[in-house]
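Chains as they are written, first to last, in our numbering: chain A, 31 to 314; chain B, 1275 to 1673.
By construction, the Cβ of each residue, glycine as well, lies at the ideal position given by its N, Cα and C atoms.
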Amino acid sequence: MPSVQHCVSMRFEGTDRYYLNPELREIVNIAIAMGKPLLLTGEAGTGKTQLAFEIARALNLRMEEARCKSTFKGEELCYVYDTVLRLNDSRFGSGDTGRDVNNIWDYIRFGPIGRAFTCDDRRVLLLDEIDKTDSDTQDNLLDVLEDGAFIIREINHKIRAKQRPIIIITSNAKRELSDPFLRRCFCHYIPFPGPEEMVKIVRLHYPDIPDAFLRASLETFYRLREEGFEKPPATAELLDWIGAMRAGGVRGPGAGKDVAHIGTLLKRTQDILKFKGIRKSFRF
Amino acid sequence: MIGFIYGLIRAGIPVSVHYILEFYRGLRAGIAPDLDRLFLFARLVFVKRVEHYDAFEQVFRETFLGDPAVGAEDWEALLSGKPFEEWLRREVESGRLPPEALRDFDNLELLERFWRTVMAQDGEHHGGDTWVGTGGRSPFGHSGRHGGGIRVYGESVHGTAQKVIGARRYIQYSDETPLKSENLRQVLSTLKSLRPVGPENELDVDATISRTAKNGGEIELVFQRELRNRVELIVLVDNGGYSMLPYVDLVKTVFNKIRDCFRDVRFYYFHNCVYGTVYADPQRRQPVSWEKLLASGRKTRLIIIGDANMAPAELMASYGSIDPATAIRKPGFVWLCELRDAFPVSVWLNPIPRDHWPWNSPTIGRIGEIFHMEDLTLGGIKNATAYLNIQGQGVDQAA
Chain A
31 MPSVQHCVSM RFEGTDRYYL NPELREIVNI AIAMGKPLLL TGEAGTGKTQ LAFEIARALN
91 LRMEEARCKS TFKGEELCYV YDTVLRLNDS RFGSGDTGRD VNNIWDYIRF GPIGRAFTCD
151 DRRVLLLDEI DKTDSDTQDN LLDVLEDGAF IIREINHKIR AKQRPIIIIT SNAKRELSDP
211 FLRRCFCHYI PFPGPEEMVK IVRLHYPDIP DAFLRASLET FYRLREEGFE KPPATAELLD
271 WIGAMRAGGV RGPGAGKDVA HIGTLLKRTQ DILKFKGIRK SFRF
Chain B
1275 MIGFIYGLIR AGIPVSVHYI LEFYRGLRAG IAPDLDRLFL FARLVFVKRV EHYDAFEQVF
1335 RETFLGDPAV GAEDWEALLS GKPFEEWLRR EVESGRLPPE ALRDFDNLEL LERFWRTVMA
1395 QDGEHHGGDT WVGTGGRSPF GHSGRHGGGI RVYGESVHGT AQKVIGARRY IQYSDETPLK
1455 SENLRQVLST LKSLRPVGPE NELDVDATIS RTAKNGGEIE LVFQRELRNR VELIVLVDNG
1515 GYSMLPYVDL VKTVFNKIRD CFRDVRFYYF HNCVYGTVYA DPQRRQPVSW EKLLASGRKT
1575 RLIIIGDANM APAELMASYG SIDPATAIRK PGFVWLCELR DAFPVSVWLN PIPRDHWPWN
1635 SPTIGRIGEI FHMEDLTLGG IKNATAYLNI QGQGVDQAA
C-alpha cells in the first residue's frame, strides 16, 4: 500500500475542456489519495472515459489505456509472451533486430497494466468497459490490481509496480460485476447531468452560443429524453445536434414534431418513426 | 461512528471489516476534513452498488445531521403499532378498503390514507401525536409478503422511510429482489461449457515441438482454437395456472439471476405441461414452434422450472392439455420425452420442496423419471449445475 500522505499531494481540479462536477472531483481525489481503483458506472455519454484522460492531462501524467474486449483473459493486459517470434528467431536467427533468442525478456511484451507497473513515472491506467470481459477475467485482474503485482508464468517472475498507477475503471453495466471485484474498488455512479450542468458542458464546447438558443435546445433535449425512446439521446448526441444546427445556420431548435436535424439526436429508425408519429405497422 | 456502521448494516448494506479499517485509515490521514467529503468518502468505502445509495443517504443523514426525521425503526414501530392496526382493521371491516385492494397498495399509499383518516377524525384519537405506539404485532405482517401486498414488517419498511429524505436521486435503482441472490449467483456461475471457439490462434506448444522434431528441426507451427466458456442456455418456465402461484417470488429471484449471469440465454414459457409449442413471452402469445425449439442444438443446456404438478390425465392421456380446445393427440409424457432426447443436458427445477414430492402429486414422480429433478433451493441448484456440467462435458467432447 502506498502511504496515504504521499498521495494526498496530488490533487485533480478539472481542466478547461471538461466540466467537472464538484462531487466527482472530490471522489477522484479521495480515490487517488487512498490509492484505490475507481470504478465509474453510469449511462453512456456521462463522460466516464473522458474523465480518465482529463485526470492524466490535469496531473500531467501519461496514460495507459486498455479497451476491454469480450475475448480478453486478463493476462494479455499484463503481458504477452511471443512464442512464435521466438521460435522463428531460433530457427532463422534474429538478424539485426537485436533480439537474443536465449533471453526470454526480448520476447515478452507488456500490456497496458504491465507498462503502468514497470515504468518509472506514475501513470493513469484506464480499463475501459470492464463489463465486456468474462467474470473470470475480472477475477484474474482483481489480484493484479489489489497487489500491484503480477507473475510472468513462463519464468515465474513477479513484476511489482514501481509506482501504483491511478486506476480508473469504467463499466456500462451491461452485465453485473462480481462482488469481490466491487469490494476492491471505490464505486461511483455518475448520474446523468441535469439542465444546469448541461448548460456548462455545452458552453465548454460552444462558448459563443446564444442563451435563448441553448435554453430552447435543452428543453427539447430533455423532453425527448423523457419520452422513453429505445436509445434516449445522451450528451454526445446533444453536442452533435447543437453542432449540426449551428453549422446549418438553423435559427432555433424547432418545436413539437418539427425538430431540426432530428437524425443527430435519435439514432434508431424505430425511435425516429415513433417521434414522427408513424407506426411501423401502418406503412406498406 | 460505530453507530453509523451498524446503521448501515441495519439498512441492509453489506459491510465488511475491511471497509471499516479502510475507513479509519482514510480518516486518520485526513481525507475527510468536512462533512461533504466525509459523506463522499464514506459512500465510496461502504457502498458498492447504486441500489444502496438511497439507504446510505438516509443512514448518513440520521447519524451525522442528527435529523429528527423519522428513522426506519420508527416507521416500523408505527406500522406495527396499535392505532395503525386498529385503523386497518376498521377500514377492512367497513369495506372501505377491500382486502384485494390492500395487495395493490404499497406502504406509502396505505400510510397516506391512514394520515388522512387521522386528520379527519379530529380528536377521536387525541390528536395526531399520541398514536405512535410501540409493540404489538401486525395482523398483516407476513401475509403481505405473499402477494406483493402490504409488507408491514421487514424489508420494505425501508421503502416507507425513504419518504423522509428529500432528494432521492437513486430511488429508481432500488433492489428488486435482494433475497439470497448473492449465493445464487455464485452457484450459477459455476455452470460451464468449455468449447473450442474462434479462429485457430493459440499456439499448441506441445504439438509444435513434436511436429518440429519429426521435421528434423524445421519449425512447424501448430495452432489450435482456444477453450472458452460458452454456455448456451434455454430456460423453460411454467408460468401458468394457480399451481405455480405460491412460487412466483421464488422463481422470479432465480430467474433474474440466471438472466444476469449468462450472456446467451433464452426464456420460453409453457403452461403446466409442454405440448409442442412453447411461447416466447410470459403472456404466451408469441408461439415458438416445437421444431425450432428442438433445433437449438444438443450442446444447449436446458433448465425447466415448473412444479410438475398437474392432473395425471394432463400428463398421460391423449388430448390431455389443460386447454380444453386442444387438438393435440400426443400425451404430455411423450412430448417431454422428446424434449429430453433433444436436450441431453437438461434438468428440471421444482419449486416444491423435495420432501413434499411423493405426496404432492403423482405426476412429479413420473416426470422425475424423464428429467433429473432438483428442488429450487440453493442446494438443489448446486446439484443441478453440477449435474449439467457432468452431462455437458460428455456432449461437448463428443462434438
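Check for me: the beta strand (DSSP E) holding T71/A runs from which residue to which?
Taking the first residue of the first sequence as 1, we reach residue 71/A at position 41. Taken as a continuous stretch (DSSP letters only), the beta strand (DSSP E) holding T71/A covers L68 to T71.
What whole-angstrom Cβ distance do T163/A and S100/A have, given they're in contact under 8 Å?
The residue given as residue 163/A occupies position 133 in the first sequence. The residue given as residue 100/A occupies position 70 in the first sequence. At roughly 6 Å, the Cβ-Cβ gap stays under 8 Å, so T163/A and S100/A are in contact.
Tell me which residues of the region 139 to 171 of chain A have at least one Cβ-Cβ distance to chain B shorter than 8 Å, keeping chain order.
Here the close residues are D164, S165 and D166.
What first and last residue would you give for the alpha helix (DSSP H) that runs through D241/A?
Along the first sequence, read from residue 1 onward, the residue named residue 241/A stands at position 211. Looking at the DSSP string, the run of the alpha helix (DSSP H) that includes D241/A is D241 to E256.
Would you mind giving the Cβ-Cβ distance between R343/A and D169/A, rounded to the nearest angstrom? I have them listed as a contact below 8 Å.
Past the edges of chain A, shown from 31 to 314, lies residue 343/A, and the structure says nothing about it.
Closest to I185/A by CA distance: which of D158/A, L156/A, N133/A and G144/A is it?
Numbered from its first residue, the first sequence carries residue 185/A at position 155. Nearest Cα to I185/A within the set D158/A, L156/A, N133/A and G144/A: N133/A.
Is there at least one Cβ from chain A nearer than 8 Å to R1675/B's Cβ?
Residue 1675/B lies beyond the stretch modelled for chain B, which goes from 1275 to 1673, so this question has no answer here.
Which same chain residues end up closer than 6 Å to I143/A when comparing Cβ atoms and leaving out the 5 residues on each side of it in sequence?
For this step, residue 143/A is matched to residue 113 along the first sequence. The answer, listed in chain order, is L107 and C108.
When you compare the CB of F1315/B with every CB in chain A, is at least one pair closer than 8 Å?
To locate residue 1315/B, count along the second sequence from 1; it is residue 41. With 8 Å as the cut-off, F1315/B counts as an interface residue toward chain A.
Counting only beta-carbon atoms, is I1493/B nearer than 8 Å to chain A?
Numbered from 1 along the second sequence, position 219 holds the residue referred to as residue 1493/B. Interface residue, yes.
Can you pull the DSSP bridge partners for W1622/B?
For the purposes of this step, residue 1622/B is taken as residue 348 along the second sequence, with counting starting at 1. According to DSSP, W1622/B bridges with I1578/B and M1647/B.
Closest to E1296/B by CA distance: which of D1310/B, D1308/B, G1281/B and V1321/B is it?
By one-based count along the second sequence, residue 1296/B stands at place 22. Ranked by Cα distance from E1296/B, the options D1310/B, D1308/B, G1281/B and V1321/B are led by V1321/B.
Assess, as a yes-or-no matter, whether the region 109 to 129 of chain A is touched by the region 152 to 160 of chain A under the definition of 3 or more beta carbon pairs within less than 8 Å.
no
Return the Cβ separation of L69/A and I220/A in integer angstroms, given the expectation that the two are a contact with Cβ distance under 8 Å.
Walking along the first sequence from the start, residue 69/A turns up at place 39. Walking along the first sequence from the start, residue 220/A turns up at place 190. Distance from L69/A to I220/A at the Cβ level is roughly 11 Å; contact not present, criterion being Cβ atoms closer than 8 Å.
Answer yes or no: does any C-beta atom of chain A fall closer than 8 Å to that of Y1549/B?
Here residue 1549/B refers to the residue found at position 275 when the second sequence is read from its first residue. Not an interface residue.
Just verifying my parser: in three-state terms, what is the DSSP assignment at T1659/B?
Counted from its first residue, the second sequence places residue 1659/B at position 385. Reduced to three states, the DSSP call for T1659/B is helix.
DSSP state of N207/A, grouped into three classes?
If you number the first sequence from 1, residue 207/A lands on position 177. Here residue 207/A turns out to be Leu, not Asn, going by the sequence shown. Reduced to three states, the DSSP call for L207/A is coil.
Do you know offhand how far I1655/B's Cα is from R1614/B's?
As a first step, residue 1655/B must be located in the second sequence, where it is residue number 381. As a first step, residue 1614/B must be located in the second sequence, where it is residue number 340. Approximately 19 Å between the Cα atoms of the pair.
Could you work out which residue in L296/A, I231/A and I199/A is closest to A96/A when comparing CA atoms only?
Residue mapping note: residue 96/A aligns to position 66 of the first sequence, counting from 1. Among L296/A, I231/A and I199/A, the Cα nearest to that of A96/A is on I199/A.
Is the Cβ of M1604/B closer than 8 Å to any Cβ of chain A?
Residue 1604/B sits at position 330 when you count from the first residue of the second sequence. Checking the sequence shown, residue 1604/B turns out to be Lys, not Met. Chain A, which has no Cβ nearer than 8 Å to the Cβ of K1604/B, makes this no.
So if I threshold CB-CB distances at 8 Å, which residues from the region 96 to 114 of chain A count as touching chain B?
Here the close residues are T101, T113 and V114.
Below 8 Å, how does it come out for the region 254 to 264 of chain A and the region 287 to 301 of chain A: are there three or more Cβ pairs, yes or no?
yes
For Y1553/B and chain A, any beta-carbon pair shorter than 8 Å?
Within the second sequence, the letter at position 279 stands for residue 1553/B. With 8 Å as the cut-off, Y1553/B does not count as an interface residue toward chain A.
Would you report the Cα separation of A1316/B and M228/A, rounded to the nearest angstrom?
In the second sequence, residue 1316/B corresponds to position 42, counting from 1. In the first sequence, residue 228/A corresponds to position 198, counting from 1. Near 27 Å, if we compare the C-alpha coordinates of M228/A and A1316/B.
Since I believe A1582/B is in contact with I1641/B (beta carbons under 8 Å), could you give me their beta-carbon distance rounded to a whole number of angstroms?
Taking the first residue of the second sequence as position 1, residue 1641/B is located at position 367. Taking the first residue of the second sequence as position 1, residue 1582/B is located at position 308. At roughly 4 Å, the Cβ-Cβ gap stays under 8 Å, so I1641/B and A1582/B are in contact.
Give me, in chain order, the residues of the same chain whose beta-carbon lies closer than 7 Å to that of D177/A; leave out the 5 immediate sequence neighbours on both sides.
As a working mapping, residue 177/A is identified with position 147 in the first sequence. No residues qualify anywhere along the chain.
Count the other CB atoms, across all protein chains shown, that sit within 10 Å of the CB of P1342/B; report buried if there are 16 or more and exposed otherwise.
On the second sequence, residue 1342/B is found 68 positions in, with the first residue counted as 1. In this prediction, P1342/B has a pLDDT of 48, which is less than 50 and means its spatial position is unreliable; what the coordinates show is noted afterwards. Burial call: exposed.
Under 8 Å, Cβ to Cβ, is there at least one residue of chain A near W1405/B?
Mapped onto the second sequence, residue 1405/B falls at position 131. In this predicted model, W1405/B has a pLDDT of only 36, less than 50, meaning its place in the structure is not dependable enough to derive any value.
Quick check on DSSP: helix, strand or coil for E260/A?
Along the first sequence, one-based indexing puts residue 260/A at 230. E260/A: coil per DSSP, three-state reduction.
Within a Cβ cutoff of 6 Å, which residues of the same chain sit near R1575/B, ignoring the five residues on either side of it in sequence?
Translated into the one-based positions of the second sequence, residue 1575/B becomes position 301. Taken in chain order, the residues that qualify are L1507, V1619 and L1662.
Which residues in chain A have a C-beta closer than 8 Å to the C-beta of K1322/B? List them in chain order.
Indexing the second sequence from 1 puts residue 1322/B at position 48. Those are D209, L212, R213, C215 and C217, listed as they occur along chain A.
Could you tell me how far apart the beta carbons of W1631/B and F1645/B are, in whole angstroms, since I believe they sit closer than 8 Å?
Counting from one through the second sequence, the residue named residue 1631/B turns up at place 357. Counting from one through the second sequence, the residue named residue 1645/B turns up at place 371. Between F1645/B and W1631/B the Cβ distance is about 13 Å, and since that is not below 8 Å, they are no contact.
Can you confirm whether T76/A, when its beta carbon is compared against all beta carbons of chain B, has any partner nearer than 8 Å?
Taking the first residue of the first sequence as 1, we reach residue 76/A at position 46. Output row for T76/A: interface = no.
Quick check: what's the CA-CA separation for R214/A versus Q193/A?
In the first sequence, the residue the question calls residue 214/A occupies position 184. In the first sequence, the residue the question calls residue 193/A occupies position 163. Each residue's alpha carbon lies about 19 Å from the other.
Checking the sheet assignment: what are the DSSP bridge partners for P1636/B?
Your numbering for residue 1636/B matches position 362 in the second sequence. According to DSSP, which records beta bridges pairwise, P1636/B is partnered with nothing at all.
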